[in-house]
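A.B. asks: Top to bottom, those sequences are chains A and B.
The opening position of the first sequence corresponds to residue 1 in full-length UniProt numbering, with each subsequent residue numbered one higher.
The opening position of the second sequence corresponds to residue 1 in full-length UniProt numbering, with each subsequent residue numbered one higher.
Backbone N, C-alpha and C fix where the C-beta goes; we use that ideal spot for every residue, glycine too.
There are 2 protein chains.
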Amino acid sequence: MNVEFINPFLSSLMNVLATMAQTELTPGKPKIKKDEVACGDVSGLIGMVGPQTKGSFSISFDEGLALTIMERMLGERPDKINEEVTDMVGEITNMVTGGAKNLLGEKGYEFDMATPIVVSGPGHTITHKCDGPKIIMPFTSADGNANIEVSFDKL
Amino acid sequence: MNVEFINPFLSSLMNVLATMAQTELTPGKPKIKKDEVACGDVSGLIGMVGPQTKGSFSISFDEGLALTIMERMLGERPDKINEEVTDMVGEITNMVTGGAKNLLGEKGYEFDMATPIVVSGPGHTITHKCDGPKIIMPFTSADGNANIEVSFDKL
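1. Roughly how many angstroms separate the alpha carbons of residue 32 of chain B and residue 63 of chain A, rounded to a whole number?
2. Just checking, does the region 7-23 of chain B make contact with the region 120-127 of chain B on the three C-beta pairs under 8 Å criterion?
3. Quick check on residue 112 of chain B - is its C-beta less than 8 Å from some C-beta in chain A?
4. According to DSSP, residue 38 of chain A sits in a beta bridge with which residue or residues?
5. Below 6 Å CB to CB, which residues in the same chain sit around residue 68 of chain A once its five sequence neighbours on both sides are set aside?
6. Taking three-plus beta-carbon pairs below 8 Å as touching, is the region 19-32 of chain A in contact with the region 112-122 of chain A?
7. Note down, in chain order, each residue of its chain lying with its Cβ closer than 6 Å to the Cβ of residue 145 of chain B, except the 5 sequence neighbours on either side.
8. Would residue 58 of chain B and residue 44 of chain B qualify as a contact pair, given that the criterion is a beta-carbon distance under 8 Å?
9. Who are residue 141 of chain A's beta bridge partners in DSSP?
10. Scan the UniProt domain "Chemotaxis phosphatase CheX-like" (42-140) of chain B and note each continuous alpha helix (DSSP H) run of 4 residues or more that stays entirely inside, going in chain order.
11. Label residue 134 of chain B either buried or exposed according to how many other C-beta atoms from any shown protein chain fall within 10 Å of its C-beta, with 16 as the threshold for buried.
12. Does DSSP put residue 149 of chain B in a helix, in a strand, or in coil?
13. Does DSSP put residue 23 of chain A in a helix, in a strand, or in coil?
14. If the cut is a Cβ gap below 7 Å, which residues of chain A does residue 151 of chain B touch?
15. Output yes if chain B places a C-beta closer than 8 Å to the C-beta of residue 45 of chain A; else output no.
16. Closest Cβ-Cβ distance between residue 60 of chain B and chain A: below 8 Å?
17. Assuming contact is defined by CB atoms lying nearer than 8 Å, are residue 147 of chain B and residue 12 of chain B in contact in what I supplied?
18. Could you name the residues of the same chain whose beta carbon sits closer than 7 Å to that of residue 47 of chain A, not counting the 5 residues immediately before and after it, in chain order?
19. Which residues in chain A have a C-beta closer than 9 Å to the C-beta of residue 137 of chain B? List them in chain order.
20. Distance, Cα to Cα, residue 138 of chain B vs residue 72 of chain B?
21. Consider the Cβ of residue 16 of chain A: report whether some Cβ of chain B lies at a distance smaller than 8 Å.
22. Can residue 85 of chain B and residue 66 of chain B be called in contact, C-beta distance under 8 Å?
23. What does DSSP give as the partner residue(s) for residue 32 of chain A in the beta ladder?
24. What's the C-alpha gap between residue 105 of chain A and residue 38 of chain A?
25. Quick one: does residue 97 of chain A have its CB under 8 Å from some CB of chain B?
26. Looking at the C-beta of residue 54 of chain A, does it have a partner C-beta in chain B at a distance below 8 Å?
27. Leaving out five residues before and five after residue 42 of chain B in sequence, what residues of the same chain have Cβ atoms less than 6 Å from its Cβ?
28. Are residue 129 of chain A and residue 131 of chain B touching if we call contact CB-CB under 8 Å?
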């Protein structure tokens, strides 16, 4: 796996957030994760399984950014991370991974997606336990930060 | 999916912890999760994808229990949840799911496993975003509590 495999997830995320929530994130520089830890207040995680590979994807949001996305989608800002917010994060996780799956499928990398899991809790950290390299990509916005992380075995 | 699908995960977990860490957990009553929230300080999560179904599994530990398991495996108790502990939780997640996969495979339910993800952060909560029912099973021990949760679409 190399840094290029992050790009389908990056473009899928930008597309999903622009379409669903008129939200633009500024992507930072993708990094091979060593000691860096992806940190957030609410995260969506999903497993991926294919004939050539398996792996995992996560997206973590600061609380403020998650609430802003929710506000733009529904017109009302929740007070805190509630079930509607975790549903929305699960849905974003599915849509971003589904978009990346289509883009990677065109390049001959096929995988199926498991069902998403959403974690909430202030400042939790996420570690992908995969033999392959973990690629992390930070995003900034006026409303808070987000991170995506992708890890595949054997790519 | 019905409550019986939790049993392969239950017996696999009991087996893994007894073998790896001479640790016995007392299983509570499995419940179809409605409002209950699985809560823990360190959790392992994994996606599952098969021809008939897809889903997700998680196991959450109180910090004290995770550190005790680590101590029994390595002879030394870490001060806090560090990378060795998250590696151990990822490994337990793999082993428990692998054991359950074998047991469910004997019944004709086949799936492949994605790679595990470990979340750490005091008192985080986990929500499986799956159309099917979510089954949660609590465990108690002298050293702290654990929860497993399993969710499959279309079983």
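C.D. replies: Taking the definition as stated:
1. Between residue 32 of chain B and residue 63 of chain A, the alpha-carbon positions lie close to 29 Å from each other.
2. no
3. Yes, because at least one Cβ of chain A sits closer than 8 Å to the Cβ of residue 112 of chain B.
4. A:126
5. 143
6. Contact fails: fewer than three Cβ-Cβ distances are below 8 Å.
7. 62
8. yes
9. The partner list for residue 141 of chain A (beta bridge, DSSP) is empty, contrary to what the question assumes.
10. 63-74, 83-106
11. buried
12. strand
13. coil
14. 115
15. yes
16. Answer no: the Cβ-Cβ gap between residue 60 of chain B and chain A never drops below 8 Å.
17. no
18. 56, 114
19. Result: empty, since nearest Cβ-Cβ is about 16 Å, beyond 9 Å.
20. If you take the alpha carbons of residue 138 of chain B and residue 72 of chain B, they lie about 22 Å apart.
21. It does not: the Cβ of residue 16 of chain A has no partner Cβ on chain B nearer than 8 Å.
22. Yes. Within cutoff.
23. A:135
24. 27 Å
25. no
26. yes
27. 61, 66, 81, 89, 120
28. no
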